[in-house]
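Presented below is the structure to which this report refers.
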Ligand code: GLC
């Protein structure tokens, strides 16, 4: 059961699709008070209660013991002391004896103190008085999720091929680089489905352009790759380069489609291409305009995109940079002591994504000027909706692959997300595992992390272990940053190990895709914490290194270096299945704590003792998976 409470005049986010009759906020059945502008909710926690939710956020599946912030942030250091990442997913479940969920539909900043200041209390601070709150009741957390997901609408389903293995890097700058990747995979006989085009495919980082010198006859090239079964997936950034003669910028400017400053002039901020205009995605006509530009690439045969830098990431604003440069000039020749030197350094470091710049941006909503801070968390979501809605209208459902970096609940209906710029750190295998059920609760089913890690150099064994988790994540993409070690599977020694892992993915794709679709249609989670399925099992309740997958399975990737296996907890008797290329070994195992051996070329999987799942012969492309012959395992 869902009840809606409204305070003030909330800004429409389109997160909820079902109609609910709103009650006044005074009737909210949760302890609350007002402090200045802020509306504060206090909820009691018992010692045993678990708090789930917040989607893409740092730390554990159980969110207790930290303070989080809903504020879409372009932050490439996903350390445990951070409070926000790229998404703002304002849904939590208090799994107490009488569990309930709460969704705060509010596109500005929210602070979630989940037992951080006071162990026995959740304190939610909503930073102004215009919002909707939905209180969701159900007898279990899974029931609450189902109810909530019913309210926010069915999750995006990508095309089938988007479950294939995808290779990315910042960047494969030209046709030769892309061909080299395809060739590398072909020679190593490792399946491959997509190759990503990061920012360098564009002409001077201009959205919806292709550098002719790097990709001559782009359309023919795309078709040629399609014929080989390879999809090229270009990136689209939120900022539109300010450049004379660049049609999209000029058109946007002429129509007044970019965000403004308080004096009505255009807000200008620097991103990859230098100074950019930022489309005002709060306006329907701007969304329609920007969305229709994807056509420039779909007409060339492109059928998948990733939207980036849409928090929005702003390296600097014209004003901010000018002030910083003036400061630097004024200090020239001076003897810089501690405060002067670090003051100067901080001025430059503080240029990016600065609160001052965000506060200076204005949107037009229903003809009124609205400060960016009030809608920050739906900016990226609205960019992605602009594309997703266009694709659905033009091509129908399940045709175009689309995922985004920034997101808000509601965007899950038209796109997926990836977990942004993680690191090649062992700890990030676990962090990314923990994000999966949390993202699923909030509707984001098509998701995944940069496998192998984005920032810094990856070791061979890390990439293999990361991939073994990725075998199960809907988005299975290896991506890494400029200047890092080449992370494509064929660039490591003994490529057979990589082949063994990725082949397992292809053998499981029909099962995974069905499981995914079922989760979308039934408003369920594809990945669940063990505590959802075994709420009275003490060890399962605390388990944050394994997940339930669909109705049949449990996954438990290895997440440490220099080990030959891991400890795993079985909440019931299960079959341990070890998968590696064509090899399958199975072993019945008893409920309890067990140690399992897992070699670098093996994927561990548990199947409930009364269940089985289908597995197919390995294939090099999703189109080549023979679904007429299967084997049941378990
Ligand atoms: C951002 C993205 C990353 C991409 C890079 C260059 O950091 O998160 O995935 O490779 O920009 O476009």
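In the numbering used here, the protein residues as written are -12 to 621. For glycine and all other residues, C-beta sits at the position ideal for the given N, C-alpha and C. Only a predicted model underlies this, so the values are computations on that prediction, with no experimental measurement involved.
beta-carbon residue i near ligand 1 non-hydrogen atom, thresh 8 Å
| i | result |
| --- | --- |
| residue 407 | yes |
| residue 468 | yes |
| residue 472 | no |
| residue 79 | no |
| residue 161 | no |
| residue 441 | yes |
| residue 63 | yes |
| residue 186 | yes |
| residue 37 | no |
| residue 190 | no |
| residue 194 | no |
| residue 224 | yes |
| residue 296 | yes |
| residue 276 | no |
| residue 198 | no |
| residue 92 | no |
| residue 608 | no |
| residue 392 | yes |
Exposed unless 16 or more other CB atoms sit within 10 angstroms - verdict on residue i
| i | result |
| --- | --- |
| residue 551 | exposed |
| residue -12 | exposed |
| residue 333 | exposed |
| residue 350 | buried |
| residue 20 | exposed |
| residue 313 | exposed |
| residue 4 | exposed |
| residue 278 | buried |
| residue 244 | buried |
| residue 658 | Absent from the structure is residue 658, since the part of the chain shown begins at -12 and ends at 621. |
| residue 610 | exposed |
| residue 250 | exposed |
| residue 223 | buried |
| residue 35 | exposed |
| residue 582 | exposed |
| residue 16 | exposed |
| residue 401 | buried |
Per DSSP, the bridge partner or partners of residue i
| i | result |
| --- | --- |
| residue -10 | 122 |
| residue 55 | 99 |
| residue 349 | 247 and 358 |
| residue 576 | 561 |
| residue 28 | 19 and 111 |
| residue 515 | 535 |
| residue 530 | In DSSP, residue 530 forms no bridge with anything. |
| residue 80 | 39 and 88 |
| residue 497 | In DSSP, residue 497 forms no bridge with anything. |
| residue 209 | According to DSSP, which records beta bridges pairwise, residue 209 is partnered with nothing at all. |
| residue 619 | 601 |
| residue 410 | 442 |
| residue 224 | 295 |
| residue 264 | 227 |
Sub-9 Å separation of residue i and residue j beta-carbons
| i | j | result |
| --- | --- | --- |
| residue 203 | residue 385 | no |
| residue 519 | residue 512 | yes |
| residue 429 | residue 40 | yes |
| residue 63 | residue 439 | no |
| residue 109 | residue 220 | no |
| residue 176 | residue 486 | yes |
| residue 414 | residue 546 | yes |
| residue 463 | residue 470 | no |
| residue 183 | residue 466 | yes |
| residue 411 | residue 373 | no |
| residue 143 | residue 507 | yes |
| residue 79 | residue 132 | no |
| residue 205 | residue 235 | no |
| residue 346 | residue 368 | no |
Given residue i as reference, the closest of the options once Cα atoms are compared
| i | options | result |
| --- | --- | --- |
| residue 263 | 440, 68 and 192 | 192 |
| residue 113 | 55, 510 and 182 | 55 |
| residue 122 | 157, 148, -10 and 182 | -10 |
| residue 476 | 461, 453 and 459 | 453 |
| residue 0 | 36, 88 and 139 | 139 |
| residue 498 | 534, 538 and 528 | 538 |
| residue 69 | 46, 81 and 50 | 46 |
| residue 576 | 301, 584, 596 and 589 | 596 |
| residue 299 | 329, 379, 482 and 370 | 370 |
| residue 557 | 565, 534, 571 and 354 | 534 |
| residue 61 | 73, 52, 53 and 67 | 73 |
| residue -4 | 119, 306 and 272 | 119 |
Any C-beta of chain C under 9 Å from that of residue i
| i | result |
| --- | --- |
| residue 308 | The structure shown contains no chain C; it holds only a single protein chain. |
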